[in-house]
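Numbering (our numbering), first residue to last: 442 to 762.
Cβ coordinates follow ideal geometry from the N, Cα and C atoms, glycine included.
If you're wondering where the values come from, they're calculated on a predicted model, not measured in any experiment.
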Amino acid sequence: MPTPFMISIIVLNYNGKKHLESSIPALQKLTYPNHEIIVVDNGSSDSSVEYLNQFSNIRIVKNNKNLGYSKGKNQGVEESKGKYILLMDNDIVINDPSTIEQLLKLSQDKNDNCFISLPCLDSGQEKTVGYGGFGFRYFLSNNKPVSVKALEKCDHYNISGLIGANIFCARNNWSALGGFDTSQPFNIDDCDLGFRAWLLGYSCYLYSKTYTNHIGIATRVDNSQWCWKYKYHFSGIMRVIAKNLLWYNAWLFGLAFFILEIIKTLKQSITRKSLCPVGSFFWSIGLFLIKLPETLKLRKEIQSKRVINKDTFLFIKKPKF
442 MPTPFMISII VLNYNGKKHL ESSIPALQKL TYPNHEIIVV DNGSSDSSVE YLNQFSNIRI
502 VKNNKNLGYS KGKNQGVEES KGKYILLMDN DIVINDPSTI EQLLKLSQDK NDNCFISLPC
562 LDSGQEKTVG YGGFGFRYFL SNNKPVSVKA LEKCDHYNIS GLIGANIFCA RNNWSALGGF
622 DTSQPFNIDD CDLGFRAWLL GYSCYLYSKT YTNHIGIATR VDNSQWCWKY KYHFSGIMRV
682 IAKNLLWYNA WLFGLAFFIL EIIKTLKQSI TRKSLCPVGS FFWSIGLFLI KLPETLKLRK
742 EIQSKRVINK DTFLFIKKPK F
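Following this line, the structure appears as structure tokens:
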């Protein structure tokens with residue numbers, strides 16, 4: 442019997458021991474026989490590395506400082522050996538031990554010409570909004586909560602943008618896209634990768650026969666962490682728009698996103714009783730403008746490689762759950 446293809450599971454961690462204590466044991470239960478687990482630790486100051494050292498089957502890539510989200514995950518792929526890769530955040534818990542087998546089957550059914558994500562259910566919730574990005578709504582509105590049981594009935598479906606917390610693909614596909622954009626430490630990953638995948642002729646799917654649990658929701662309510670991430674929100678999404686969309690779509694969705702981002706910023710400032718979101722928003726605008734020449738250079742390169750004439754991924758509709 443031929444040896445199964447190696448799967449590389451790559452987990453990015455920064456000061457996440459409390460999350461690893463749930464996510465790593467779940468990975469230890471996976472039934473796929475030929476896989477490696479690599480944890481990229483971005484200079485944690487908690488006891489994450491000490492916790493990981495107790496697992497003989499985990500390879501730790503230690504960084505002296507926090508390289509950021511995109512660079513950290515790219516580094517993990519470079520260190521891996523698998524024919525397929527599964528990228529994960531440290532606060533994502535796999536529920537089904539046979540998840541790898543299911544993802545591999547779907548990928549091979551699609552001739553490996555795809556990228557796949559799984560739904561993410563926030564801990565303690567019965568419904569989720571983490572079931573993929575859909576067309577122009579990716580920029581303009583959030584998904585409505587849907588139960589995982591309703592998602593399960595769909596098996597799998599096309600999505601415009603991937604879920605960065607978990608992405609499965611053949612290594613060759615990742616290499617063809619060049620991995621994540623590393624221009625900023627956060628908010629330039631899943632949406633950008635998904636759009637570039639579509640432009641180069643790949644498809645993006647959400648596989649919904651199983652799901653993952655997201656246990657790190659505290660960072661969404663902590664003001665300091667939220668505002669730090671928000672510094673890269675406008676700049677990241679606008680870079681995605683400017684690089685990947687045809688010009689008329691870039692202008693249209695860029696303007697709409699800018700207006701909605703102003704509204705969101707004001708709402709967050711009121712909700713959080715802080716001017717921090719406003720400061721982060723203006724900082725992000727400045728970052729986008731500083732990097733605009735580089736963005737336009739990348740745009741030229743990306744557009745020269747596109748194999749689809751229209752931005753069809755902007756008009757993918759969500760299933761009727």
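Worksheet item: Residue ranges of each beta strand (DSSP E) run of no fewer than 3 residues wholly in the stretch 624 to 673, ordered along the chain?
Response: 644 to 648, 653 to 655
Worksheet item: Among 512, 522, 484, 519, which one has its Cα closest to the Cα of residue 506?
Response: 484
Worksheet entry | Alpha carbon of residue 514 to alpha carbon of residue 454, nearest angstrom | 10 Å
Discussion item. Would residue 464 and residue 535 be called neighbours here (beta carbons separated by less than 9 Å)?
Written reply: Yes, Cβ-Cβ distance for residue 464 and residue 535 is below 9 Å.
Fill in: Enclosing alpha helix (DSSP H) for residue 527 [first to last residue]
Where residue 527 is concerned, there is no enclosing alpha helix (DSSP H), although the beta strand (DSSP E) it sits in stretches over 525 to 530.
Discussion item. Under 8 Å: do the stretch 596 to 614 and the stretch 624 to 643 share three or more Cβ pairs, one atom per stretch?
Written reply: yes
Worksheet item: Would residue 730 be called buried (16 or more neighbouring beta carbons within 10 Å of its own) or exposed?
Response: Classification for residue 730: exposed.
Worksheet entry | Cutoff 6 Å; reference residue 488; Cβ partners in own chain excluding five residues on either side | 458
Fill in: residue 711 versus residue 746: straight-line alpha-carbon distance, rounded
44 Å
Practice prompt. For the beta strand (DSSP E) containing residue 717, list its first residue and its last residue.
Written response: Careful: residue 717 lies outside any beta strand (DSSP E), inside the alpha helix (DSSP H) at 717 to 731.
Worksheet entry | Continuous beta strand (DSSP E) assignments of at least 3 residues falling wholly in the stretch 447 to 504 | 448 to 454, 476 to 482, 499 to 503
Fill in: Helix, strand or coil at residue 743 [DSSP, three-state]
helix
Fill in: Simplified DSSP assignment, three categories, for residue 510
helix
Worksheet item: What is the DSSP secondary structure of residue 589, reduced to helix, strand or coil?
Response: helix
Discussion item. In this structure, how does DSSP classify residue 572 when only helix, strand and coil are distinguished?
Written reply: DSSP, read as helix, strand or coil, puts residue 572 in coil.
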